[in-house]
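Be aware that the sequence shown starts at 1044, since it is given in the working numbering, and climbs by one per residue. Heads up, the beta-carbon is just placed ideally off N, CA and C, and yes, glycines get one too. All values reported here derive from a predicted model rather than from experimental measurement. First up is the structure itself, then whatever we jot down about it.
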Amino acid sequence: MIRQILHQLDTMKQSSQTPWRQLCDAVPYASVMRWRRRQRQGLPLWQCPGPKKSVPLDWTEFYPLLRQLNHGRVRSQGTGKLYEQFADAISRRHLGELVRDYRRDQLHTMKHIHWLKAGLAWSCDATEYGEGSQIIPVQDLCSRYRFQPLVTDRLNGHQIAGHLENLFRQHGAPLFLKRDNGSPFNNQYVDAVLVRYGVLPLNNPPHYPRYNGSEEKSIRDPKAALDRRLQQSASTPLNLAAVVEITTHTLNHRPRRCLKGRTACDLFHDAGQRQRWSKRQRQTIFRLLLQQFGAMIGKTTNGRHPAPATVWRVTVEAWLRCQGLITVRQNQKPNVSTTLLKCWSHN
1044 MIRQILHQLD
1054 TMKQSSQTPW
1064 RQLCDAVPYA
1074 SVMRWRRRQR
1084 QGLPLWQCPG
1094 PKKSVPLDWT
1104 EFYPLLRQLN
1114 HGRVRSQGTG
1124 KLYEQFADAI
1134 SRRHLGELVR
1144 DYRRDQLHTM
1154 KHIHWLKAGL
1164 AWSCDATEYG
1174 EGSQIIPVQD
1184 LCSRYRFQPL
1194 VTDRLNGHQI
1204 AGHLENLFRQ
1214 HGAPLFLKRD
1224 NGSPFNNQYV
1234 DAVLVRYGVL
1244 PLNNPPHYPR
1254 YNGSEEKSIR
1264 DPKAALDRRL
1274 QQSASTPLNL
1284 AAVVEITTHT
1294 LNHRPRRCLK
1304 GRTACDLFHD
1314 AGQRQRWSKR
1324 QRQTIFRLLL
1334 QQFGAMIGKT
1344 TNGRHPAPAT
1354 VWRVTVEAWL
1364 RCQGLITVRQ
1374 NQKPNVSTTL
1384 LKCWSHN
C-alpha cells in the first residue's frame, strides 16, 4: 500500500513538477518524506513501534536541559543530543512534542517594546568582519539611526570607551546604553565614560542574543550591504573603514517601513521626537531607580531569587512604562523577541 502511494506521488511529481507539500494533501508530508528516505536506504517502509520505555523520566534533570536548548522560531538546536541522553526514558515523538510545546509557550510569552523617544536608549555590540577586522556598531533604538561604527583590528575596552565618548559629545548622551556582557564593553574605561555622562547601563542576559534583537539586526543589515558593495568593487582594494562609513550613511537615509516611511536620520534629528536630560535629571532618575531596585532585590519570583541584573532590567522597564517612554505589547511575531527578564529580550 505504501509503495503504491509513493509510486503515484513520484509519477505526479515527475509529470507536474508540483512541490511535495502540495502533493501531500491526503497523506502527511512528514510520513511521505520518511517513507522515501527509508526507500532510498533500502529499509522497510513500515516499522512497528519499539518497546515502551521502561525507565522513568527524571523531570528535575530533563526540564532544565530542555530550557537550555537553543530555541529558534521553528527549530530547537540540540534536540538530538538531548534525545540520546534520555533515549531510555522518552521517545523521539514525545520529545518532539515537548520541545514544540515549550518553544510555542516561550514565544507567546515574549513582549515587544517600542521606544518612543529618540536619544532615550542606544545599543552597542561587536561583530567580526573579514580577516581580523572588528566592527563595533552603535544604534539609537527608537529611530534605528546608526552612528559611525568603530572599525578596529582588535577589541579594546579603552578604544571602545573613547569611541562612545566621541559619540556622546557629537550627538548627546542617551539615558540608557544596552551593551554585551563581554569584557570590552564591561570594564573600567567604559564604566568611567558612562558615569561621567550619566548614562545608565543595561547589560544583556548571558547567552541570549535576542535580548538585543534590534542591535543584532543592525549588524546583519550593514554586513549584507558591505558584502554587496565589496563584491562590486572586488578588483579595487578598498579601505574597510571608509566603506563602512558610506554603507552606514546609505542605510540611515533609506526610508523604513517600521518608521512609517521616514528615514532613521530624519527621525533621530527631529526635535519633536528627541528628548534630552540634564545632569541633575539623570542623577534624580538614577536615585529613584536605585530606590526601586533596592525594594525589589529581596523579593522572590516563582519561588526563587532573580539575579540582580534581572531585577535591574525589570526596574528600568517599570519606570519607562510609568513615564510613558515605551509601549509594551504581547509579541505576535515569533521572529522578534523583545522582553526584559533573564530569558527575555527587547528592541
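First and last residue of the uninterrupted alpha helix (DSSP H) at residue i
| i | result |
| --- | --- |
| THR1343 | Looking at the DSSP string, THR1343 is not in any alpha helix (DSSP H), and its letter there is neither H nor E. |
| SER1059 | 1045 to 1059 |
| VAL1359 | 1351 to 1365 |
| ASP1020 | Any property of residue 1020 remains undetermined from this structure, which presents the chain solely from 1044 to 1390. |
| VAL1233 | 1231 to 1240 |
| GLN1202 | 1200 to 1214 |
| ILE1289 | 1283 to 1295 |
| LEU1112 | That residue, LEU1112, is in no alpha helix (DSSP H); it is neither H nor E in DSSP. |
| THR1456 | Residue 1456 is absent from the structure shown; the chain starts at 1044 and stops at 1390. |
Cβ neighbours of residue i in the same chain (closer than 8 angstroms, five flanking residues each side left out)
| i | result |
| --- | --- |
| LEU1109 | LEU1125, LEU1141, VAL1142 and TYR1145 |
| HIS1293 | Before going further, note that residue 1293 is Thr rather than His in the sequence given. Answer for THR1293: ALA1268, listed in chain order. |
| THR1122 | LEU1112, LEU1138, GLY1139 and VAL1142 |
Integer-rounded CB distance, given that residue j should sit under 8 angstroms from residue i
| i | j | result |
| --- | --- | --- |
| VAL1287 | VAL1181 | Their Cβ separation, rounded to whole angstroms, is 12 angstroms, which puts VAL1287 and VAL1181 out of contact at 8 angstroms. |
| LEU1310 | ALA1161 | 6 angstroms |
| GLN1082 | LEU1049 | 7 angstroms |
| TRP1215 | ARG1319 | Position check: residue 1215 holds Gly in this sequence, whereas Trp was assumed. With a Cβ gap of about 6 angstroms, GLY1215 and ARG1319 count as contacting. |
| ALA1350 | ASN1246 | In fact, because the Cβ distance is near 10 angstroms, the residues do not count as touching under 8 angstroms. |
| LEU1210 | CYS1185 | Not confirmed; about 16 angstroms, so no contact. |
Cα-Cα separation between residue i and residue j, rounded to whole angstroms
| i | j | result |
| --- | --- | --- |
| LEU1100 | LEU1112 | 18 angstroms |
| ARG1187 | PRO1062 | 39 angstroms |
| GLN1177 | ALA1169 | 7 angstroms |
| ILE1369 | GLN1213 | 25 angstroms |
| GLY1115 | VAL1242 | 32 angstroms |
| ALA1285 | GLY1315 | 32 angstroms |
| ARG1046 | GLY1304 | 55 angstroms |
| MET1044 | LEU1088 | 10 angstroms |
| LEU1086 | ARG1118 | 27 angstroms |
| GLN1120 | GLU1127 | 14 angstroms |
| TYR1172 | LYS1266 | 8 angstroms |
| ARG1133 | PRO1248 | Per the sequence shown, the amino acid found at residue 1133 is Ile instead of Arg. Looking at the two C-alpha atoms, the distance is approximately 31 angstroms. |
| THR1103 | GLN1231 | 40 angstroms |
| LEU1159 | GLN1335 | 23 angstroms |
| HIS1348 | MET1076 | 47 angstroms |
| ASN1229 | ASN1282 | 29 angstroms |
| ILE1289 | PHE1329 | 37 angstroms |
| GLY1367 | ALA1338 | 22 angstroms |
| VAL1070 | ARG1364 | 50 angstroms |
| GLN1060 | SER1074 | 20 angstroms |
| HIS1137 | PRO1107 | 17 angstroms |
| ASP1183 | SER1321 | 19 angstroms |
| THR1327 | ARG1271 | 47 angstroms |
Delimiting residues of the beta strand (DSSP E) encompassing residue i
| i | result |
| --- | --- |
| LYS1221 | 1219 to 1222 |
| LEU1193 | 1193 to 1195 |
| TYR1072 | Careful: TYR1072 lies outside any beta strand (DSSP E), inside the alpha helix (DSSP H) at 1072 to 1084. |
| LEU1243 | 1243 to 1246 |
| GLU1171 | 1170 to 1172 |
| CYS1167 | 1164 to 1167 |
| GLN1182 | 1181 to 1183 |
Test item: CB-CB of residue i and residue j under 7 angstroms
| i | j | result |
| --- | --- | --- |
| THR1306 | PRO1298 | yes |
| ILE1340 | VAL1354 | yes |
| ILE1156 | VAL1357 | no |
| VAL1233 | GLY1205 | no |
| TRP1165 | LEU1218 | no |
| TRP986 | LEU1332 | Shown here, the chain extends from 1044 to 1390; a query on residue 986 therefore has no answer. |
| CYS1167 | ARG1222 | yes |
| PRO1192 | ILE1203 | no |
| ARG1189 | ASN1295 | yes |
| ASP1196 | GLY1175 | yes |
| TYR1072 | ARG1080 | no |
| LEU1198 | PRO1227 | yes |
| VAL1098 | ASP1068 | no |
Own chain partners of residue i with C-beta closer than 7 angstroms, once the 5 adjacent residues on each side are dropped
| i | result |
| --- | --- |
| LEU1066 | LEU1052, MET1055 and LYS1056 |
| TRP1078 | ILE1045, LEU1049 and LEU1088 |
| CYS1308 | TYR1188, ASN1295 and HIS1296 |
| GLN1084 | none |
| PHE1105 | PHE1129 |
| ARG1135 | TYR1126 |
Neighbourhood of residue i by C-beta, 6 angstroms cutoff - its chain only, sequence neighbours within 5 removed
| i | result |
| --- | --- |
| GLU1208 | VAL1236 |
| SER1278 | Annotation note: pLDDT 45 at SER1278 (below 50); position unreliable, coordinate value reported separately. Closer than 6 angstroms at Cβ, skipping near neighbours: no residue. |
| ARG1325 | GLY1241 |
| ARG1317 | ALA1161 and GLY1162 |
| ASP1313 | none |
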